[in-house]
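So the sequence shown is numbered by the working numbering: it starts at 91 and just counts up by one. Glycine included, every Cβ here is placed at the ideal spot set by N, Cα and C. Owing to the predicted nature of the structure, the values given are computational and were not obtained by experimental measurement.
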Amino acid sequence: MRILVSNDDGIHSPGIATLARCAARLGEVRVVAPDVERSAAGHSITASRPVRIRPTHLFDDIAAFRVDGTPADCVALGVHLWGEVDLVLSGINLGANLGNGTWHSGTLAAAQQAALLGIRGIAVSAPVEDDPTQLDPLVPWVDRALAEALAADAPLVNVNLPLNPRGIRWTAQAVHEYHGRVTPDRHPQGGDLYWFTVAPFTSPPEGTDMHAFDDGCVSLTPLRLDLTDHARLEAVTRAHI
Ligand code: MN
91 MRILVSNDDG IHSPGIATLA RCAARLGEVR VVAPDVERSA AGHSITASRP
141 VRIRPTHLFD DIAAFRVDGT PADCVALGVH LWGEVDLVLS GINLGANLGN
191 GTWHSGTLAA AQQAALLGIR GIAVSAPVED DPTQLDPLVP WVDRALAEAL
241 AADAPLVNVN LPLNPRGIRW TAQAVHEYHG RVTPDRHPQG GDLYWFTVAP
291 FTSPPEGTDM HAFDDGCVSL TPLRLDLTDH ARLEAVTRAH I
């Protein structure tokens, strides 16, 4: 199995090194990732200029390349150059990608780009911020989550691991609440500034990714590319006639 590994935290993130090592137990691995952090890049592509790809030494036994583009660029280019890719893994993102937050995620977008190309995509995120040694105890759970996602034959899966997981659950994306906030600040030289921040989670519904994560379980959410509201489409079509 040929596995392309990408992320949105950049090629030097400890998260992508951990995921590449997990991937190497499943097949032949190549890393293609942004040269700098592109978190919250969403599914943007670089359309106004060409992108450059350069070899980068991460491991002696895994080829790695950095791209001056977005996560979606990395997957599109990585697949184009490598040819037959069976699976794209994205992450491990340093920070969870849950609920409506996934709309902004470059981590998920890399997996989505795979799905657009007809390749299976799995995004992996964990709330590891300042202490990358927190990734090591998660490795057996990443292995287990990948095995579970692959066995499920789902084309696109969003995986979130809490620290010290106690189980694994399949979940739905929590869309009951949006946690994005605009927070005002002042520029040191005068004038208004605004931070795009997030508010803490509040009691998400059972069965959702946020609920499982809050409950200490690894969350696997099967996603689809079709955003059409099919029930609504049927209703408006009926009303229209
Ligand atoms: Mn990120």
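Environment of residue i [buried if 16+ CB atoms lie within 10 Å]
i: Thr223; result: exposed
i: Gly159; result: buried
i: Arg156; result: buried
i: Asn254; result: exposed
i: Gly196; result: buried
i: Arg139; result: exposed
i: His266; result: exposed
i: Pro124; result: buried
i: Asp299; result: buried
i: His194; result: buried
i: Val331; result: The question names Val, but residue 331 is Ile in the sequence shown. Per the 10 Å Cβ criterion, exposed.
i: Gln279; result: exposed
i: Arg276; result: exposed
i: Ala162; result: buried
i: Trp231; result: buried
i: Thr327; result: exposed
i: Ile261; result: Sequence check: residue 261 is Thr here, not Ile. So Thr261 ends up on the buried side.
i: Pro294; result: buried
i: Thr273; result: exposed
i: Phe303; result: buried
Residue i, DSSP secondary structure in three states
i: Thr136; result: coil
i: Gly281; result: coil
i: Phe286; result: strand
i: Glu337; result: Outside the shown range of the chain (91 to 331) lies residue 337, about which nothing can therefore be said.
i: Glu238; result: helix
i: Val214; result: strand
i: Gly337; result: The requested residue 337 is not part of the displayed model; the chain covers only 91 to 331.
i: Thr160; result: coil
i: Ile93; result: strand
i: Ile258; result: strand
i: Asp226; result: helix
i: Arg144; result: strand
i: Thr327; result: helix
i: Phe155; result: strand
i: Arg314; result: coil
i: Asp275; result: strand
i: Gly306; result: coil
i: Pro124; result: strand
i: Asn187; result: coil
i: Val247; result: strand
i: Gly168; result: helix
i: Gly173; result: coil
i: Gly196; result: helix
i: Gly105; result: helix
i: Val232; result: helix
Hey, is the segment 310-318 in contact with the segment 234-245, meaning 3+ C-beta pairs nearer than 8 Å?
Touching, yes, given that three or more Cβ pairs across the two stretches are closer than 8 Å.
Beta carbon nearer than 5 Å to a non-hydrogen atom of ligand 1
Asp98, Asp99, Ser129 and Asn183
Say whether the segment 267-279 touches the segment 179-196, bearing in mind that this needs 3 or more beta-carbon pairs closer than 8 Å, one atom from each stretch.
yes
So, do the segment 164-180 and the segment 211-227 have three or more beta carbon pairs nearer to each other than 8 Å?
yes
Between the segment 113-128 and the segment 92-104, do three or more beta carbon pairs fall short of 8 Å?
Enough Cβ pairs lie closer than 8 Å, so yes.
Report yes or no: do three or more beta-carbon pairs, one from the segment 164-171 and one from the segment 108-116, lie closer than 8 Å?
With the rule of 3 Cβ pairs closer than 8 Å, the segment 164-171 does not count as touching the segment 108-116.
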